[in-house]
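Working notes for the structure below.
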Amino acid sequence: MKGAVFIEFSVLLLTLLALDQAGPTGHMAVDPSNWVWLPHFNGFMNLAICCMLVFGYRAIRRGDRIKHPRFMLTACVFGVVFLAGYIAHWAIFGHQRFPGDDWLRTLFVVVLFSHTVLAVAVVPCIVTIIVLALRQSFDRHRRFARITLAMWAYVAVTGLFVYVMNNHIRPVPLY
Ligand code: HEM
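For the sequence shown, the residue numbers in the numbering used here are 16 to 190.
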């Protein structure tokens with residue numbers, strides 16, 4: 016739990032630092048043209064998380080109790096980096112409406128909504144299964160981890176979907 020609190024505080028601190036950059040008018044003191052790489056970086060982090068989850072799952076299915084935690088904990092670190100990048104994206108570019116009023120936008124909004132709800136819900140689940148694993152309650156870890164992994168994989172894959180839609184299918188100018 017101490018780790019979870021540390022992560023929460025780190026994210027809070029990053030948010031405050033990013034918001035501190037905003038001037039009194041709400042405009043960023045940073046130049047957005049220097050940050051156009053950020054959406055691609057965040058997309059890449061999502062891809063990296065997908066890979067770590069696949070590798071971690073394959074490792075434990077093969078019975079490898081050394082590589083499994085390594086891959087899964089790497090996925091957690093990538094998740095924290097992604098969260099920092101995501102908050103920075105919001106602070107620098109603000110909200111961007113997905114263009115259009117057709118079925119593709121409806122699909123985008125539905126997927127984004129389910130992605131966001133599960134992304135919030137999965138964080139305490141991840142903390143719980145890590146704590147269970149560290150306490151060597153592997154039976155409970157395995158049972159709870161299966162559903163957590165399914166949720167996390169959904170969040171990571173839909174995160175990629177959102178990235179592709181926003182940046183490649185219907186890109187909007189960032190600033
Ligand atoms: C957030 C990170 C983690 C996720 C998503 C995760 C996911 C999983 C899943 C889905 C299984 C069940 C595999 C199956 O279907 O048979 C499993 C089993 C296992 N995990 Fe993790 N795991 C994580 C972290 C850890 C850590 C940090 C450790 C060790 C310190 C660990 C040790 C194990 C062990 C030993 C098993 C086998 C349990 C058994 O079959 O008795 N896991 N994990």
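Every residue gets a Cβ at the ideal spot worked out from N, C-alpha and C, and that includes glycine.
In this text, all values refer to a predicted model and were calculated from it rather than measured experimentally.
Excluding residues up to 5 positions away in sequence, Y190 lie with their Cβ nearer than 8 Å to the Cβ of S48 in the same chain.
When rounded, the separation of the alpha-carbon atoms in L175 and T131 is 13 Å.
Beyond the five residues adjoining it in sequence on each side, N182 comes within less than 6 Å, by CB distance, of P54 in the same chain, given in chain order. Of the heavy atoms belonging to the ligand HEM, none sits nearer than 7 Å to the Cβ of F123.
For the pair N57 and Y178, the CB atoms are nearer than the 8 Å cut-off. When rounded, the separation of the alpha-carbon atoms in V135 and A103 is 18 Å. Judged by DSSP in its simplified three-state form, V187 adopts coil rather than helix or strand. In this model, M87 and A74 are separated by some 10 Å (Cα to Cα). Annotated three-state conformation of R112 is coil, per DSSP. Excluding the 5 residues flanking it on each side, F159 has same chain C-beta neighbours closer than 8 Å at C140, T143, I144 and L147, in chain order. Excluding the 5 residues flanking it on each side, F123 has same chain C-beta neighbours closer than 8 Å at F113, V177 and M180, in chain order. The residues L53, F56, N57 and M60, in chain order, have a CB closer than 7 Å to that of G100 in the same chain once the five nearest residues on each side in sequence are set aside.
For D154, the three-state secondary structure derived from DSSP is helix.
Of the other Cβ atoms in all chains shown, fewer than 16 fall within 10 Å of the Cβ of A165; this residue is therefore exposed. Rounded to whole angstroms, the separation of the alpha carbons of C91 and G78 is 21 Å. Measuring C-alpha to C-alpha distances from R161 to each of G94, D116 and L68 identifies L68 as the nearest. Between V138 and the set D46, T163, H156 and G115, the nearest pair of CA atoms involves T163.
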